[in-house]
């Protein structure tokens, strides 16, 4: 904004500065003056071409190619994976094993009296085979933990999807503003070129007067200084136009070889938004803007995650079951060298000190993260209120600028008409007509610049309200 204001003031100061010098009477017939404004209108028509890039097209292209949008899309994949992991937590813990064991030979004791025939000994089975299947279910978690954990994960996925939409909207907003700043820079570059041409034309006339000793060398050097200032302003504005175009090109991912032309004629009138009460606008913004929805959903997700983690503070009720198919089966007595099937089911209540301690620290962390989100939402609400007020004021200022620039344009047009009639009556010099043409050109650019300001303000107000959300 400072650079734009400095350059505009520089341009406004160039031609008027030479007016006292050129006001001296002259005997030469005035040079023929072409229809400068007709040429200017032609240049404007060439600047705004049908089929060129518009602000809406730039926003659509930017929302598709923005790295921020791609990053938020990747976060959706992360959230989906986390939601699936939460769903899988309800699956019972099921496992199994197959084993073979070769035991070393041992001497087994003999029980009873061998002489009486009442002795016996336990068989030693050296080759042991076993197949086992196990399952356990945390019954209490199905009631106290899993539903809240799954709900929190689904809300986190919703946050990721909403954040992706918000990133697309923000990318479009950035592209729209960059587009209009590019248009502004192109217009400023156009007027800078015309100002430089006018100063150089005037300089040639002043040199002729100086050579005829009608003006002093000091006056000539003053005009030459004005030419240098105008040339420097033209260079700066040309570079600014190139910079703004490169910004738009990057935002829409346009290749370097693709020419960019302006397809939105800002000379067309648009309807400005009707001013409303700030509180009403803020209420609309909180309902429509996606960043509010992201924070609200994120807070709810954290609260449900806290509720899920608090279940670890209490003892857990679980059920379990096991099936063994083994040779020999350890539950068969005495051992037999054959496969036998046995099973066992049960329930237990367990409590672990470490889980309780970790649950307390986790709850503290989640409570802090939730408070962070609440603070972020409060900051967002405050910032949105200021953003709405600033955008609404910008619209009002732009509307006023349209009216004042229209008055200035009408005055400049009348001044040009009068100067032209005086020139035809040989009561004014050609230089005075050039000054009038410059004033008219500057007034037209001021009017066009006001139209750019109105469009930028409208874009900012629509974004602040969330009207650009689709």
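Residue numbers (this note's numbering): 383 to 852.
Think of the CB as a built atom: it goes at the ideal place given N, C-alpha and C, for glycine as much as any other residue.
**Report entry** Buried versus exposed, by CB contacts within 10 Å (16 or more), residue 732
**Finding:** Here residue 732 corresponds to residue number 350 of the chain shown, with the count starting at 1. The residue is exposed, with fewer than 16 neighbouring Cβ atoms inside 10 Å.
Query raised in the report: What residue does the beta strand (DSSP E) around residue 484 start on, and which one ends it?
Result: Counted from its first residue, the chain shown places residue 484 at position 102. In the DSSP assignment, residue 484 falls within the beta strand (DSSP E) that extends over 475-484.
**Report entry** Validate contact between the segment 723-737 and the segment 692-711 using beta carbons, cut 8 Å, 3 pairs
**Finding:** In short, these stretches touch, since the Cβ pair count reaches three.
Query raised in the report: For the 8 Å Cβ check, are there 3 or more pairs between the segment 433-446 and the segment 557-568?
Result: The segment 433-446, when compared against the segment 557-568, does touch it at the 8 Å Cβ threshold.
Query - residue 431, buried or exposed, once every other Cβ within 10 Å from all chains shown has been counted against 16 - result: On the chain shown, residue 431 is found 49 positions in, with the first residue counted as 1. Exposed: under 16 other Cβ atoms inside 10 Å.
Query raised in the report: Looking at C-alpha atoms only, which residue of 479, 504, 484 is the closest neighbour of residue 491?
Result: Against the chain shown, residue 491 aligns to sequence position 109. Restricting attention to 479, 504, 484, the CA atom closest to the CA of residue 491 is found in 504.
Query raised in the report: Quick one: Cα of residue 541 to Cα of residue 474, how far?
Result: Counting from one through the chain shown, the residue named residue 541 turns up at place 159. Counting from one through the chain shown, the residue named residue 474 turns up at place 92. When rounded, the distance between both Cα atoms is 29 Å.
Report task. Would you tell me roughly how many angstroms separate the C-alpha atoms of residue 509 and residue 531, rounded to the nearest one? Result -> Locating residue 509 in the chain shown gives position 127, counting from the first residue. Locating residue 531 in the chain shown gives position 149, counting from the first residue. Using only the alpha carbons, I get a separation of about 47 Å.
Requested in this report: Can you give me the start and stop residues for the beta strand (DSSP E) that residue 665 sits inside?
Outcome: Mapped onto the chain shown, residue 665 falls at position 283. Unbroken run through residue 665 is the alpha helix (DSSP H), 660-670; no beta strand (DSSP E).
Query raised in the report: Who are the Cβ neighbours of residue 519 in its own chain at under 8 Å, not counting the five residues just before and after it?
Result: Your numbering for residue 519 matches position 137 in the chain shown. The answer, listed in chain order, is 474, 475, 700, 701, 702.
**Report entry** Own chain partners of residue 451 with C-beta closer than 8 Å, once the 5 adjacent residues on each side are dropped
**Finding:** Residue 451 sits at position 69 when you count from the first residue of the chain shown. Counting only Cβ-Cβ distances below 8 Å, and skipping sequence neighbours, we find 445, 546, 549, 550, 553.
**Report entry** Beta-carbon proximity list for residue 695, same chain, < 6 Å, skipping 5 on both sides
**Finding:** Translated into positions along the chain shown, residue 695 becomes position 313. The residues are 738, 741.
**Report entry** 9 Å Cβ cutoff met for residue 818 and residue 802
**Finding:** For the purposes of this step, residue 818 is taken as residue 436 along the chain shown, with counting starting at 1. For the purposes of this step, residue 802 is taken as residue 420 along the chain shown, with counting starting at 1. Yes. Within cutoff.
Query raised in the report: Roughly how many whole angstroms lie between the Cα atoms of residue 879 and residue 758?
Result: The shown model of the chain, from 383 to 852, leaves out residue 879, and the question about it has no answer.
Requested in this report: Quickly, what does DSSP pair residue 698 with across the bridge? List them, please.
Outcome: To locate residue 698, count along the chain shown from 1; it is residue 316. DSSP lists 732 as the bridge partner or partners of residue 698.
Report task. Just mark residue 603 as buried or exposed, buried being the case when its beta carbon has 16 or more other beta carbons within 10 Å. Result -> Stepping through the chain shown from its first residue, residue 603 is reached at position 221. By the neighbour-count rule (16 or more Cβ atoms within 10 Å), residue 603 is not buried but exposed.
Report task. Could you tell me the boundaries of the alpha helix (DSSP H) in which residue 510 lies? Result -> Here residue 510 refers to the residue found at position 128 of the chain shown. Where residue 510 is concerned, there is no enclosing alpha helix (DSSP H), although the beta strand (DSSP E) it sits in stretches over 509-520.
Query raised in the report: According to DSSP, what are the bridge partners of residue 708?
Result: Counted from its first residue, the chain shown places residue 708 at position 326. Beta-bridge pairing links residue 708 to 512, 722.
**Report entry** Beta-bridge pairing of residue 703 - partner residues as DSSP gives them
**Finding:** Residue numbering aside, residue 703 sits at position 321 when the chain shown is read from its first letter. Looking at the DSSP assignment, residue 703 forms a beta bridge with 517, 727.
Requested in this report: Could you check if residue 427 is buried or exposed, using at least 16 other CB atoms within 10 Å of its CB as the buried criterion?
Outcome: For the purposes of this step, residue 427 is taken as the residue at position 45 of the chain shown. Per the 10 Å Cβ criterion, exposed.
Query raised in the report: In chain order, what residues of the same chain lie with their CB nearer than 6 Å to the CB of residue 409, ignoring the 5 residues before and after it?
Result: By one-based count along the chain shown, residue 409 stands at place 27. Residue placement at residue 409 cannot be trusted, given a pLDDT of 35 that sits under 50; what the coordinates show is reported in the next sentence. Excluding residues within five positions, none has a Cβ falling inside 6 Å.
**Report entry** alpha helix (DSSP H) segment containing residue 585, residue limits
**Finding:** Mapped onto the chain shown, residue 585 falls at position 203. Residue 585 -> alpha helix (DSSP H) spans 528-593.
Requested in this report: Give the single residue among 581, 425, 594, 623 whose Cα lies nearest to the Cα of residue 571.
Outcome: Numbered from 1 along the chain shown, position 189 holds the residue referred to as residue 571. Taking the Cα of residue 571 as reference, the smallest distance to any Cα among 581, 425, 594, 623 is reached at 623.
Report task. Express the C-alpha separation of residue 465 and residue 539 in angstroms, rounding to a whole number. Result -> Residue 539 sits at position 157 when you count from the first residue of the chain shown. Residue 465 sits at position 83 when you count from the first residue of the chain shown. If I take the Cα positions, the gap works out to 7 Å.
Query raised in the report: Rounded to a whole number of angstroms, what is the C-alpha to C-alpha distance between residue 719 and residue 709?
Result: Taking the chain shown and counting its residues from 1, the one referred to as residue 719 is at position 337. Taking the chain shown and counting its residues from 1, the one referred to as residue 709 is at position 327. CA-CA distance, residue 719 to residue 709, rounds to 6 Å.
Report task. Kindly identify the DSSP beta-bridge partner or partners of residue 435. Result -> Walking along the chain shown from the start, residue 435 turns up at place 53. Bridge pairing for residue 435: 644 [DSSP].
Report task. Measure the beta-carbon distance from residue 691 to residue 744 and round it to whole angstroms, keeping in mind my assumption that it falls under 8 Å. Result -> Locating residue 691 in the chain shown gives position 309, where the first residue counts as 1. Locating residue 744 in the chain shown gives position 362, where the first residue counts as 1. Confirmed, Cβ separation roughly 5 Å.
Query - Enclosing alpha helix (DSSP H) for residue 450 [first to last residue] - result: Locating residue 450 in the chain shown gives position 68, counting from the first residue. Run containing residue 450: 449-470, per the alpha helix (DSSP H) assignment.
Report task. Check whether the segment 777-785 touches the segment 652-671, counting contact only when three or more Cβ pairs, one atom from each stretch, lie closer than 8 Å. Result -> Touching, per the Cβ criterion.
Query raised in the report: According to DSSP, is residue 504 helix, strand or coil?
Result: Residue 504 sits at position 122 when you count from the first residue of the chain shown. It is coil, neither helix nor strand.
Query raised in the report: Near residue 858, what residues of its chain come up, given a Cβ to Cβ distance below 7 Å and the 5 sequence neighbours on each side ignored?
Result: Because the chain in this structure spans residues 383 to 852, residue 858 falls outside the shown range and cannot be described.
Requested in this report: Use the C-beta contact count for residue 798: other C-beta atoms within 10 angstroms, 16 or more gives buried, fewer gives exposed.
Outcome: Counted from its first residue, the chain shown places residue 798 at position 416. Buried.
Query raised in the report: Just the Cα atoms here: how many angstroms apart are residue 424 and residue 536?
Result: For the purposes of this step, residue 424 is taken as the residue at position 42 of the chain shown. For the purposes of this step, residue 536 is taken as the residue at position 154 of the chain shown. Distance between the alpha carbons of residue 424 and residue 536: 58 Å.
Query raised in the report: How big is the Cα-Cα spacing for residue 844 and residue 850?
Result: Sequence index remark: in the chain shown, residue 844 carries index 462 (1-based). Sequence index remark: in the chain shown, residue 850 carries index 468 (1-based). Distance between the alpha carbons of residue 844 and residue 850 is about 6 Å.
Query raised in the report: Under a three-way DSSP split, which group does residue 430 fall into?
Result: Indexing the chain shown from 1 puts residue 430 at position 48. DSSP places residue 430 in strand when its eight states are reduced to three.
Query - Under the three-state DSSP convention, the category residue 654 falls into - result: Position 272 of the chain shown, counted from the first residue, corresponds to residue 654. Coil, per DSSP.
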